[in-house]
Amino acid sequence: ASDITPLIAGNWKMNGLQAQMNEFQALGDKLATLENRNALVAICPPATLLAAMSEKGAVSGIATGGQDCHASPNGAHTGDISALMLKDAGAAYVIVGHSERRADHAETDAQVRAKAQAGIAAGLVPIICVGETRAEREAGKADAIVAGQLEGSVPDMASEAEIVIAYEPVWAIGTGLTPTNADIAQMHAGIRRLLVERFGARGQTIRILYGGSLKPANAKEILAVENVNGGLVGGASLLANDFFAIISAA
Ligand code: PEP
2 ASDITPLIAG
12 NWKMNGLQAQ
22 MNEFQALGDK
32 LATLENRNAL
42 VAICPPATLL
52 AAMSEKGAVS
62 GIATGGQDCH
72 ASPNGAHTGD
82 ISALMLKDAG
92 AAYVIVGHSE
102 RRADHAETDA
112 QVRAKAQAGI
122 AAGLVPIICV
132 GETRAEREAG
142 KADAIVAGQL
152 EGSVPDMASE
162 AEIVIAYEPV
172 WAIGTGLTPT
182 NADIAQMHAG
192 IRRLLVERFG
202 ARGQTIRILY
212 GGSLKPANAK
222 EILAVENVNG
232 GLVGGASLLA
242 NDFFAIISAA
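Going letter by letter, the sequence shown gives residues 2 to 251 in UniProt numbering.
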């Protein structure tokens, strides 16, 4: 129980053709039937669907977001997308520092911080991802790793702009594995503490999402954990029924 409105954000990753707009439409239709919608809802589709989805989402109250952005507003960066372009296409959020970007593109904390700053400057809310690997957890380093990522990836300007933190243990992403509720509670409390240390009372209001194998079967209990202010959902966000069930559980 918290007075922060939860955010349920879907991350479609590199999935979604025009045909999946039907699934998105189905989600909008189902949401229209939900009587007490407690959560903010967003989907971060591939960039190719962003504009169309933003237009449709505006009707059903589903915000959209990008999955990454370049740190510069424009320029000679073939293949990249700027935060300004995401905003221009209708996005409200941008995921930065997802573990798949950190792994596949060797993104550093400093780069993630610059991307988050670019997102804020463009008027987007960055969803800044942190989380330890299995080896790091087994070595007892999870807290230190996450603290370091937060320190390095969260820009100072977050003291004035809205940001979202997503705690996503890398070993829980797409694996069907989740930490225990006690482990989630401990990590989220630690993140909250660091945010308050750094940003004062503002730090109390920053959403901290949990991500990693959230699904209808575990959403209710995980979303009820102290300091869990919503979820970042990968696989289960691709299916309207599953995503709707998670939203309903928030
Ligand atoms: C993610 O990649 O952000 C994620 C949480 O994935 P999944 O829900 O599929 O584990």
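Where a beta carbon is used, it is the ideal one built from N, C-alpha and C, also for glycine. Here the structure is a predicted model, which means the values were calculated and not measured.
Out of curiosity, what's the CA-to-CA distance linking glycine 117 and glycine 153? This sequence places alanine at residue 117; glycine is not what is there. About 11 Å.
For the region 161-170 against the region 200-211, are there 3 or more C-beta pairs whose distance is under 8 Å? yes
Whole-angstrom Cβ separation of leucine 195 and leucine 233, contact assumed at under 8 Å? That belief does not hold up - the Cβ atoms of leucine 195 and leucine 233 are roughly 19 Å apart, past 8 Å.
Which ranges would you report for the alpha helix (DSSP H) in the region 135-173 if only whole runs of at least 4 residues count? Those alpha helix (DSSP H) runs which fall completely within the region 135-173 and span 4+ residues are 135-139 and 143-154.
Where arginine 193 falls: helix, strand or coil (DSSP): helix
In the DSSP assignment, find the alpha helix (DSSP H) that holds arginine 114 and state where it starts and stops. 110-122
Contact defined as beta carbons within less than 8 Å: I believe histidine 71 pairs with isoleucine 63. What is the distance between those atoms, to the nearest angstrom? Not quite, the Cβ-Cβ distance comes to about 25 Å (not below 8 Å), so this is no contact.
Do tyrosine 94 and alanine 10 have their beta-carbon atoms positioned less than 8 Å apart in this structure? yes
Spatial neighbours of glycine 17 in its chain, beta-carbon cut-off 6 Å, leaving aside the 5 residues before and after: Excluding five sequence positions before and after glycine 17, the CB atoms of its chain that fall closer than 6 Å to its own CB belong to Pro46, Pro47 and Leu50, given in chain order.
Kindly indicate the opening and closing residues of the alpha helix (DSSP H) around isoleucine 29. According to the sequence shown, residue 29 is glycine rather than isoleucine. Taken as a continuous stretch (DSSP letters only), the alpha helix (DSSP H) holding glycine 29 covers 22-34.
Nearest to alanine 220 (by Cα), restricted to the options Lys142, Ile247, Glu227 and Ile5: Ile247
What span of residues does the alpha helix (DSSP H) with threonine 6 cover, start to end? Segment: none, threonine 6 is in no alpha helix (DSSP H) and carries neither H nor E.
Please state the DSSP three-state secondary structure of glycine 232. Annotated three-state conformation of glycine 232 is strand, per DSSP.
May I have the straight-line CA-CA distance separating glutamate 133 from tryptophan 172, to the nearest angstrom? 8 Å
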